[in-house]
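Novice:
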Amino acid sequence: MEPQARFTLRTLLLFLIPVLLLGGVIGLFLSRNALPDLQSAAPIESLTVERYVLRRGSIDLYVRNSGPHPLTLAQVIVNDAVMPFELEPSGSVARLGRARVHIDYPWSLGEAYGITLFSGSSIPFGVDIPVAFETPQPSSRTFLGFTLIGLYVGVIPVFLGILWFPALRRLGRQTMSFLLAATAGLLIFLGLDTLVEALEAARDLASAFQGIGLIGIGAVSTFLLLEVIASRQSGEQSTESHQRLAVAMTIATGIGLHNLGEGLAIGAAYNVGEISLGAFLVVGFIIQNITEGLGIIAPVLRDRPGIGRLAAMGAIAGVPAIIGSWIGGFAPSPLFAVLFLAIGTGAIFQVVHQLGGLIRTDTGPRAVPVTVWAGVLAGMLLLWLTGLWIK
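Counting the sequence shown from 1 gives a position; my numbering is that position plus 1.
1. Are there three or more Cβ pairs, one per stretch, closer than 8 angstroms when the segment 159 to 169 is compared with the segment 302 to 313?
2. For Arg65 and Tyr271, I'd like the C-alpha separation in whole angstroms.
3. Got a sec, what are the start and stop residues for the alpha helix (DSSP H) Gln175 sits in?
4. DSSP three-state label for Leu384, please.
5. Can you look up Ile163 in the DSSP assignment and give me helix, strand or coil?
6. Since Leu15 contacts Ala185 with CB under 8 angstroms, what's their CB separation in whole angstroms?
7. Give the DSSP-derived three-state secondary structure of Phe134 in the structure shown.
8. Within the continuous beta strand (DSSP E) that includes Val77, where are the two ends?
9. Could you pull out every residue in the same chain whose Cβ sits closer than 8 angstroms to the Cβ of Leu110, ignoring the five residues on either side in sequence?
10. Considering only the beta carbon of each residue, do Gly296 and Leu227 sit closer than 7 angstroms?
11. Mind reading off the beta-carbon distance from Phe341 to Leu225? Whole number of angstroms is fine, and I expect it under 8 angstroms.
12. Helix, strand or coil for Thr143, going by three-state DSSP, please let me know.
13. I need the boundaries of the alpha helix (DSSP H) containing Leu29, first residue and last residue.
14. Whole beta strand (DSSP E) runs in the segment 50 to 133 with 3 or more residues, listed along the chain?
15. Starting from Val154, trace the alpha helix (DSSP H) in both directions and tell me its first and last residue.
16. Counting C-beta neighbours from all protein chains within 10 Å, is the total for Ala220 16 or more, i.e. buried, or is it exposed?
17. Please state whether DSSP places Leu48 in a helix, a strand or coil.
18. In three-state DSSP terms, what is Ser334?
19. Roughly how many angstroms lie between the CA atoms of Ala247 and Ala231, to the nearest whole one?
20. Restricting to Cα atoms, I'd like to know which of Arg96, Ile78, Glu112 and Ser222 is closest to His103.
21. For Pro335, collect the residues of the same chain with a Cβ closer than 7 angstroms to its Cβ; drop the 5 residues on either side in sequence, then sort them by chain order.
22. Within its chain, find whatever has a CB closer than 7 angstroms to the CB of Ala209; leave out the 5 residues flanking it on each side and keep chain order.
23. Tell me the rounded alpha-carbon separation between Ile324 and Gly345.
24. Can the beta-carbon of Ala302 be found less than 7 angstroms from the beta-carbon of Leu169?
25. State the Cα-Cα distance for the pair Val94 and Thr143, rounded to the nearest angstrom.
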């Protein structure tokens with residue numbers, strides 16, 4: 002019999018010895034006598050423009066100091082013209098601190114502007130405004146507009162896909178296996194697309210936040226958390242029907258997180274006037290996202306979930322697009338965009354993992370049949386083709 006482990010004072014001291022030695026090494030390194038007399042050729046400064054807001058006669062830049070030391074702004078140039086500016090809070094910007102740069106400038110609608118900020122060390126930091134566009138302000142009209150955007154590109158397509166449930170239930174077992182595999186293909190494509198969007202959003206993130214690492218944290222932690230939840234559910238005394246329903250609910254959650262990121266991107270793009278939500282684009286999103294409703298119902302086609310459950314799964318998958326458009330439209334944040342897209346990536350690939358278990362249950366331990374291969378390929382090609390049409 003193994004002795005019972007106890008955390009004693011001796012154990013604590015054994016843990017503290019390396020920590021104390023590490024502190025001594027750091028103190029020695031930072032002492033003046035231990036460091037060689039080396040000076041940087043230029044100050045290490047980094048400034049990230051996270052957001053700009055255009056109002057009539059003014060431009061506001063929201064900046065973050067992503068360098069190792071406090072940073073002072075000395076000059077602002079707009080289209081080769083030196084302009085007076087106000088910094089709030091005044092003084093220098095602390096490390097990882099955020100500040101607002103206010104510029105009184107009579108910009109013209111639809112014009113492009115290049116802005117360069119110079120630090121006190123004469124290091125330039127630039128930002129481009131491709132299309133001058135008055136930034137939407139919170140109001141009942143803009144709130145309703147972003148809500149409608151979320152409805153059109155998220156909620157409505159998902160529920161239209163769920164309406165296929167009665168027709169798909171009439172299909173045979175092999176066709177249902179094909180649909181499960183097609184759902185896996187859809188989600189694989191969605192997961193890859195979400196990962197690419199997260200990587201693109203990480204480019205706009207201050208380097209100190211380590212966007213790639215943040216993507217890894219969000220994706221891996223979400224994948225493992227959902228795996229823990231799924232394993233506990235499967236460990237309980239539940240029928241196969243309940244397990245399939247749990248997978249469908251997890252699919253809805255993963256798609257919802259993806260649509261949250263999609264809503265963020267659409268809202269943020271509209272916020273700076275870089276998107277035109279015309280009828281063609283909205284129709285394209287509806288066609289692409291209707292497949293998400295198909296993916297939700299595929300695992301439960303053999304069962305009889307109530308209308309309430311189907312409606313709940315549709316809401317979980319579609320409503321986050323509305324929330325994302327609100328956040329992206331009124332308060333876009335590169336940090337939240339990267340984090341939400343990373344979480345969506347992890348959730349989607351976890352759902353693919355669970356769907357793989359259902360497919361293996363259907364096909365048995367033999368090699369991958371042609372039906373599964375064709376289904377996965379068809380699902381990926383379907384999203385690729387619709388994306389090719391609308392993008």
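We put the beta carbon where it would ideally sit given N, CA and C, even for glycine.
Specialist: Result, derived from the coordinates:
1. yes
2. 22 angstroms
3. Arg174 to Arg204
4. helix
5. helix
6. That pair is no contact at about 49 angstroms.
7. coil
8. Leu74 to Val79
9. Ala133, Phe134 and Glu135
10. no
11. 18 angstroms between Cβ atoms; not a contact.
12. helix
13. Leu10 to Leu31
14. 59 to 66, 74 to 79, 82 to 84, 86 to 89, 99 to 105, 114 to 120 and 125 to 130
15. No alpha helix (DSSP H) contains Val154, which DSSP labels as neither H nor E.
16. buried
17. strand
18. coil
19. 8 angstroms
20. Ile78
21. Glu51, Ala202, Asp205 and Leu206
22. Ser67 and Leu97
23. 14 angstroms
24. In the sequence under discussion, the amino acid at residue 302 is Leu, which differs from the Ala named in the question. For Leu302 and Leu169, yes; Cβs fall inside 7 angstroms.
25. 33 angstroms
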